[in-house]
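So the structure is just underneath, and the comments pick up after that.
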Amino acid sequence: MGRQKQSLSKRPSVATKESKKEPKTKSIVEEREKVMTPEKKEYRYTCLSCHCSANNPVNFPISYSVIYAGNDHRLPYCRDCLNAMWAIVAKDYSDYQDIYRRICMYFDIYYNAEVAEIAYKESESEKRVSRYITKINRYPYSNKTYQDTIKEDMSKRHTENFDGLYEPIEKTVPHEIIDFWGAGLESASDYQELQASYEKWNSEVECSKPSQRILIKRICFNELKTHKAMIAGDDTTKLTDELNKLLDSAKLQPKQVKDVSIADENTFGTLIKKWEDEEPVPEPLPEFKDVDGIIKYISVWFYGHLAKMFGKRNKWGKLYNDEVSKYTVTPPEYNSEDDDIDFESIFGADE
Numbered sequence: 029m030g031r032q033k034q035s036l037s038k039r040p041s042v043a044t045k046e047s048k049k050e051p052k053t054k055s056i057v058e059e060r061e062k063v064m065t066p067e068k069k070e071y072r073y074t075c076l077s078c079h080c081s082a083n084n085p086v087n088f089p090i091s092y093s094v095i096y097a098g099n100d101h102r103l104p105y106c107r108d109c110l111n112a113m114w115a116i117v118a119k120d121y122s123d124y125q126d127i128y129r130r131i132c133m134y135f136d137i138y139y140n141a142e143v144a145e146i147a148y149k150e151s152e153s154e155k156r157v158s159r160y161i162t163k164i165n166r167y168p169y170s171n172k173t174y175q176d177t178i179k180e181d182m183s184k185r186h187t188e189n190f191d192g193l194y195e196p197i198e199k200t201v202p203h204e205i206i207d208f209w210g211a212g213l214e215s216a217s218d219y220q221e222l223q224a225s226y227e228k229w230n231s232e233v234e235c236s237k238p239s240q241r242i243l244i245k246r247i248c249f250n251e252l253k254t255h256k257a258m259i260a261g262d263d264t265t266k267l268t269d270e271l272n273k274l275l276d277s278a279k280l281q282p283k284q285v286k287d288v289s290i291a292d293e294n295t296f297g298t299l300i301k302k303w304e305d306e307e308p309v310p311e312p313l314p315e316f317k318d319v320d321g322i323i324k325y326i327s328v329w330f331y332g333h334l335a336k337m338f339g340k341r342n343k344w345g346k347l348y349n350d351e352v353s354k355y356t357v358t359p360p361e362y363n364s365e366d367d368d369i370d371f372e373s374i375f376g377a378d379e
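Every position in the sequence shown, counted from 1, becomes a number in my numbering once 28 is added.
Next comes the structure, spelled out in structure tokens:
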């Protein structure tokens, strides 16, 4: 019994061990912060294009856009990839100002024409983008984004007077034209271009039905969009496809108007025959039939004379003979007794 008591006293308390609570498991973030060295705790920047990464942000330009706030206000593209964008955008734009503006639109960077001109002249094509970003992030352009560029453009378009040269659209465009095309176009020149295009179409094709007028208006809008897209250097493939569909709906495709153009090539006599076959002139009232006798005149002196010349016996020849007989003088005929009497009366009778 004593050995059992001694062994029990020496046996570790299992209940006490089980009663202790295990330490709470830390999150993966906390565990990572625990094992990371001070160098590894720094923010790591990664380029979304070439996937290069670095702890030092010097190769990733600053951005004041809220889009990149979670990236420590740094563009998620390295300077080399940003500079490579110049050659890509330059394929669609010839003017360097348009290239800078398009790149600023891509990355929500403030655009300024003067800064763009300086950056273009001071750098080669391999560093033109990074050079511009460096300059545009300085005072007085810092803390600005492309949204500020849009606001400035809108302010110039709608509020500046330009020494009296700029006037509201309502003052330069008649209300009838605005009502016809709808309000909301950018400038008075847009209304003028649409109206000129519509009048040209209306003078060359038939627009008598409402559906035709609607299609012509949509064609004019398409031409305006295509014109602006060509000036901006944008792709016009979709607009061209849309124009072809509109022309097909309005039956204005060249293959569809071919039959109409054939009529212009026909002779005048062919057209008269076609009109007489399709839309003949109705018979006149009796009191208006051959008022001047031209039908009888042609029948007698043309058809009848031809019949007489060729020895044809028909109704035209009979009409001719009857009409000629009215103007024929027949010499008198005398028998023998009448001749003797006349002779004796003149010269006297023989005794």
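For each residue, glycine too, the CB sits at the ideal point set by N, CA and C. Since the model is a prediction, treat every value here as computed from it, not as a measurement.
Problem set entry | Pairwise C-alpha distance: E234 and I322 | 40 angstroms
For this session: Kindly list the residues whose CB is nearer than 7 angstroms to the CB of W344, restricted to its own chain and excluding five residues on each side of it in sequence; keep chain order.
Result: S327, Y331, G332 and A335
For this session: Ignore the nearest five residues each way along the sequence and tell me which others in Y139's own chain have a CB closer than 7 angstroms to its CB.
Result: Y128, R129, C132, Y174 and T177
Exercise. Buried or exposed: which applies to C106, given that a residue is buried once 16 or more other Cβ atoms fall within 10 Å of its Cβ?
Worked result: buried
Exercise. With I137 and I164 assumed to form a contact (beta carbons below 8 angstroms), what rounded beta-carbon distance in angstroms separates them?
Worked result: 6 angstroms
Exercise. Are the Cβ atoms of T254 and T264 separated by less than 8 angstroms?
Worked result: yes
Problem set entry | T200 (DSSP reduced to helix, strand or coil) | helix
Problem set entry | Same chain, Cβ closer than 7 angstroms to F208, neighbours up to 5 away in sequence not counted | none
Problem set entry | heavy atom of the ligand MG below 7 angstroms from T200 C-beta | The ligand MG is not part of the structure shown, which contains no ligands of any sort.
Exercise. Which runs of the alpha helix (DSSP H) fall wholly inside the region 252-287 and span at least 4 residues, in chain order?
Worked result: 265-277
Problem set entry | Reduced DSSP secondary structure (H/G/I, E/B, other) of Y398 | No answer is possible for residue 398: the residues shown for the chain start at 29 and end at 379.
Exercise. With burial defined as no fewer than 16 other Cβ atoms inside 10 Å of the residue's Cβ, what is the status of C109: buried or exposed?
Worked result: buried
For this session: Out of S93, T200, K149 and R102, state which residue places its alpha-carbon closest to the alpha-carbon of P85.
Result: R102
For this session: Would you mind sorting W229 into buried or exposed? The rule is 16 or more other CB atoms within 10 Å of its CB.
Result: buried
Exercise. What's the call for L313, buried or exposed, on a 16-neighbour Cβ count within 10 Å?
Worked result: exposed
For this session: Give the DSSP-derived three-state secondary structure of P359 in the structure shown.
Result: coil
For this session: Would you mind reading off the limits of the alpha helix (DSSP H) that contains E221?
Result: A216 to E232
Exercise. Are the beta-carbon atoms belonging to A216 and I197 less than 8 angstroms from one another?
Worked result: yes
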